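S.K.:
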Amino acid sequence: MVLDDYARHEFVGYDSLEIETRVVKYRKVSAKGKDQFQLVLEVTPFYAESGGQVGDTGTVQLNGHTIQITNTRKENDLIIHFADTLPQELNGEAFARVDIERRQHIALHHSATHLLHAALRQVLGTHVAQKGSLVNEEHLRFDFSHFAKVTEEEIMDIEKIVNQKIRENIPVVIREMPKEEALQLGAMALFGEKYGDMVRVVIIDPTYSVELCGGTHVGATGELGLFKIKLETAVAAGVRRVEAVCGQQAEAYMTDKLEQLKEIGAILKNPKDIKAAVENQVQEIQALRKKLEGLENRALVGIRNELLQKDQIINGITYIADIVEVSGADALKKLCHDLSNNLKDYVAVLGANVDGKP
Ligand SMILES: [Zn+2]
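Residue numbering for the sequence shown follows the numbering used here, beginning at 6 and increasing consecutively.
Structure follows, in structure tokens:
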């Protein structure tokens, strides 16, 4: 349904997170047995999913109703807002408001992606190019070209650089400029991406990070608080993936890790050096296992001799059946092997209780 065909469509979400507006178009779509509504607003603060950054969520208030916006996407240059339900009447003043807290968490992770990108190039080399990214309120994912696994040491260097840039509280400067000028500044552009003559450039210290980018960002890097890489994996030949968190999510991640360490310490009766204590335990277990193996080998000889005395010979064939006490399948196998070396024409049926399980 078109309510106003001549309305302008404008995105104001770089500067405003709420605004008075109107619904100019809407439609119902059914997919997988579920009805969904799509809205177009005259002006909107909602960021549509793009460049790896997820779409905004929030509310549109209209005629006393609150419409929950569950996602925002672009379609043929129109910004489409998704809703599960709509009121009957859509004419009149509407008030659109982005979920501010979620948007802030997304902005943190987007700015962190730029800091990470520059740090990767510093530590691994300038062959590192962005191959894909996902930025949401929970974390960031960054895929890039690189042919080897990123080592623990490199990860630590990358984190160190990003956290240093966070502490420097560098202002994030965003400028519109001709594409040529941006490229002269050394702006990193995505290969294969189409850019207009005028481009949006995100500068976090002109000597550190300059990128062409349409995403939403923090005002200064200090807002990120803390940056932590959670995971480094391969996604394809020559493409690595880093997953990282910052802000509250990084704090929660670190708290969780420290909590685990504390719990391990408690299990080990709080030694001064947890790592040394764990290493000691592992060594002790290995030594005990060896000792046990030696003892069991001796015991197996005894069990074998007992079994050989319990045999019954029927029609020239030796029958042995018993339940034995051994440590596991390996010991049982060893016992059978040992029996076969001592017998000819025989049938042996052995059962064992291992850790109380037959
Ligand atoms: Zn970006």
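Beta carbons are placed, not taken as given, at the ideal position from N, Cα and C, and that holds for glycine.
These numbers come from a predicted model, not from an experiment.
Within the present structure, is the beta-carbon of residue 118 separated from the nearest heavy atom of ligand 1 by less than 7 Å?
M.R.: For the purposes of this step, residue 118 is taken as residue 113 along the sequence shown, with counting starting at 1. Flag set: Cβ of residue 118 near ligand 1.
S.K.: On the DSSP letters alone, give me the boundaries of the beta strand (DSSP E) that residue 203 sits inside.
M.R.: For the purposes of this step, residue 203 is identified with residue 198 of the sequence shown, where counting begins at 1. Unbroken beta strand (DSSP E) run through residue 203: 203-209.
S.K.: Return yes when the Cβ of residue 177 is within less than 8 Å of the Cβ of residue 224, no when it is not.
M.R.: In the sequence shown, counting from the first residue as 1, residue 224 sits at position 219. In the sequence shown, counting from the first residue as 1, residue 177 sits at position 172. Result yes, Cβ atoms of residue 224 and residue 177 sit closer than 8 Å.
S.K.: May I ask you to verify whether the segment 50-61 touches the segment 205-221, counting CB pairs closer than 8 Å and requiring at least 3?
M.R.: Touching, yes, given that three or more Cβ pairs across the two stretches are closer than 8 Å.
S.K.: Is residue 98 helix, strand or coil by DSSP?
M.R.: By one-based count along the sequence shown, residue 98 stands at place 93. Reduced to three states, the DSSP call for residue 98 is coil.
S.K.: Please report the distance separating the alpha-carbon of residue 207 from that of residue 292.
M.R.: By 1-based counting over the sequence shown, the position of residue 207 is 202. By 1-based counting over the sequence shown, the position of residue 292 is 287. Rounded to whole angstroms, residue 207 to residue 292 spans 59 Å at the Cα level.
S.K.: For residue 142, verify whether its CB is less than 7 Å away from any heavy atom of ligand 1.
M.R.: On the sequence shown, position 137 is the one that residue 142 refers to. No, the Cβ of residue 142 stays beyond 7 Å of every heavy atom of ligand 1.
S.K.: Nearest to residue 13 by alpha carbon, out of 28, 20 and 19?
M.R.: Position 8 of the sequence shown, counting from 1, holds the residue named residue 13. Among 28, 20 and 19, the Cα nearest to that of residue 13 is on 28.
S.K.: Look up residue 342 in the DSSP assignment and say whether it is helix, strand or coil.
M.R.: Counting from one through the sequence shown, the residue named residue 342 turns up at place 337. Note: residue 342 maps to helix in three-state DSSP.
S.K.: When you compare only the Cα positions, how much space is there between residue 153 and residue 246?
M.R.: Taking the first residue of the sequence shown as 1, we reach residue 153 at position 148. Taking the first residue of the sequence shown as 1, we reach residue 246 at position 241. In a straight line, the C-alpha of residue 153 is about 11 Å away from that of residue 246.
S.K.: Along the alpha helix (DSSP H) that carries residue 116, what are the first and last residues, could you check?
M.R.: Position 111 of the sequence shown, counted from the start, is the residue given in the question as residue 116. It spans 105-129 - the alpha helix (DSSP H) in which residue 116 sits, taken as one unbroken run.
S.K.: Going by alpha carbons, who is nearest to residue 185 out of 179, 63, 202 and 233?
M.R.: By 1-based counting over the sequence shown, the position of residue 185 is 180. Per the Cα distances, 202.
S.K.: If I measure Cβ to Cβ from residue 282 and keep anything under 7 Å in the same chain, skipping five residues before and after, which residues do I get?
M.R.: What you label residue 282 is simply residue 277 of the sequence shown in a count that begins at 1. So the list reads 273 and 276, once near-sequence residues are dropped.
S.K.: Are the Cβ atoms of residue 235 and residue 215 separated by less than 8 Å?
M.R.: Residue mapping note: residue 235 aligns to position 230 of the sequence shown, counting from 1. Residue mapping note: residue 215 aligns to position 210 of the sequence shown, counting from 1. No. Outside cutoff.
S.K.: For residue 115, is the beta carbon positioned less than 7 Å from some heavy atom of ligand 1?
M.R.: As a first step, residue 115 is located in the sequence shown; it is residue number 110 there, counting from the start. True, at least one ligand heavy atom lies under 7 Å from that Cβ.
S.K.: By Cβ distance, which residues of its chain are closer than 8 Å to residue 17, with the 5 residues on each side in sequence left out?
M.R.: Translated into positions along the sequence shown, residue 17 becomes position 12. Excluding residues within five positions, the ones whose Cβ falls inside 8 Å are 24, 48, 49 and 50.
S.K.: Thinking just about the alpha-carbon of each residue, which of 210, 68 and 320 is nearest to the one in residue 97?
M.R.: Within the sequence shown, the letter at position 92 stands for residue 97. Of the candidates 210, 68 and 320, the one whose C-alpha sits nearest the C-alpha of residue 97 is 68.
S.K.: For the segment 261-334, which segments carrying the alpha helix (DSSP H) assignment without a break, of at least 4 residues, lie completely within its bounds, in sequence order?
M.R.: Runs of the alpha helix (DSSP H) inside the segment 261-334: 279-314.
S.K.: Does the contact criterion of 3 or more C-beta pairs under 8 Å hold for the segment 76-92 versus the segment 32-46?
M.R.: Result yes; three or more Cβ-Cβ pairs closer than 8 Å.
S.K.: In whole angstroms, what is the alpha-carbon distance linking residue 32 and residue 8?
M.R.: Position 27 of the sequence shown, counted from the first residue, corresponds to residue 32. Position 3 of the sequence shown, counted from the first residue, corresponds to residue 8. Cα to Cα, the separation comes out at about 11 Å.
S.K.: Taking all protein chains shown into account, decide if residue 82 is buried (16 or more other Cβ within 10 angstroms of its Cβ) or exposed.
M.R.: Reading the sequence shown from its first residue, position 77 is the one you call residue 82. It is exposed - the Cβ of residue 82 has fewer than 16 other Cβ atoms within 10 Å.
S.K.: Determine which residues share a DSSP beta bridge with residue 76 and list them.
M.R.: Against the sequence shown, residue 76 aligns to sequence position 71. Residue 76 pairs with 87.
S.K.: Just checking, does the segment 286-303 make contact with the segment 315-324 on the three C-beta pairs under 8 Å criterion?
M.R.: Taking 8 Å as the limit for Cβ pairs, the verdict is that the segment 315-324 does not touch the segment 286-303.
S.K.: Ligand 1 and residue 207: does any heavy atom of the ligand fall closer than 7 Å to the residue's C-beta?
M.R.: Residue numbering aside, residue 207 sits at position 202 when the sequence shown is read from its first letter. Checking the Cβ of residue 207 against ligand 1 gives yes.
S.K.: Buried or exposed: residue 6, going by 16 or more other Cβ atoms within 10 Å of its Cβ?
M.R.: Taking the first residue of the sequence shown as position 1, residue 6 is located at position 1. Residue 6 should be labelled exposed.
S.K.: Please report the straight-line C-alpha distance between residue 168 and residue 191, rounded to a whole angstrom.
M.R.: Residue numbering aside, residue 168 sits at position 163 when the sequence shown is read from its first letter. Residue numbering aside, residue 191 sits at position 186 when the sequence shown is read from its first letter. If I take the Cα positions, the gap works out to 23 Å.
S.K.: Taking 8 Å as the cut-off, decide whether the C-beta atoms of residue 63 and residue 20 are in contact.
M.R.: Start at 1 with the first residue of the sequence shown, and residue 63 comes out as number 58. Start at 1 with the first residue of the sequence shown, and residue 20 comes out as number 15. Taking 8 Å as the Cβ cut-off, residue 63 and residue 20 do not qualify as a contacting pair.
S.K.: Which residue from 269, 91, 52 and 143 puts its Cα closest to that of residue 34?
M.R.: To locate residue 34, count along the sequence shown from 1; it is residue 29. Measuring from the Cα of residue 34, the nearest candidate turns out to be 91.
S.K.: Could you tell me the distance, in whole angstroms, from the CA atom of residue 138 to the CA atom of residue 118?
M.R.: On the sequence shown, residue 138 is found 133 positions in, with the first residue counted as 1. On the sequence shown, residue 118 is found 113 positions in, with the first residue counted as 1. Taking the straight line joining both Cα atoms gives about 8 Å.
S.K.: Ignoring anything shorter than 3 residues or poking outside the segment 217-259, list the beta strand (DSSP E) runs there in chain order.
M.R.: Segments of the beta strand (DSSP E) lying fully in the segment 217-259: 232-241 and 244-251.
S.K.: Bridge partners for residue 25 per DSSP, in chain order?
M.R.: Numbered from 1 along the sequence shown, position 20 holds the residue referred to as residue 25. Looking at the DSSP assignment, residue 25 forms a beta bridge with 100.
S.K.: Is residue 218 near ligand 1, going by C-beta to nearest heavy atom under 7 Å?
M.R.: Taking the first residue of the sequence shown as 1, we reach residue 218 at position 213. Residue 218: yes, Cβ under 7 Å from ligand 1.
S.K.: Measuring straight from C-alpha to C-alpha, what distance separates residue 266 and residue 348?
M.R.: Counting from one through the sequence shown, the residue named residue 266 turns up at place 261. Counting from one through the sequence shown, the residue named residue 348 turns up at place 343. Straight-line Cα distance between these residues: approximately 55 Å.
S.K.: Determine the extent of the beta strand (DSSP E) in which residue 181 is found, giving its start and end residues.
M.R.: Here residue 181 refers to the residue found at position 176 of the sequence shown. Here the beta strand (DSSP E) through residue 181 covers 177-183.
S.K.: Which of the three DSSP states is assigned to residue 37 in this structure?
M.R.: Along the sequence shown, one-based indexing puts residue 37 at 32. It is coil, neither helix nor strand.
S.K.: Check residue 172 in the structure and name its three-state DSSP category.
M.R.: Locating residue 172 in the sequence shown gives position 167, counting from the first residue. Helix.
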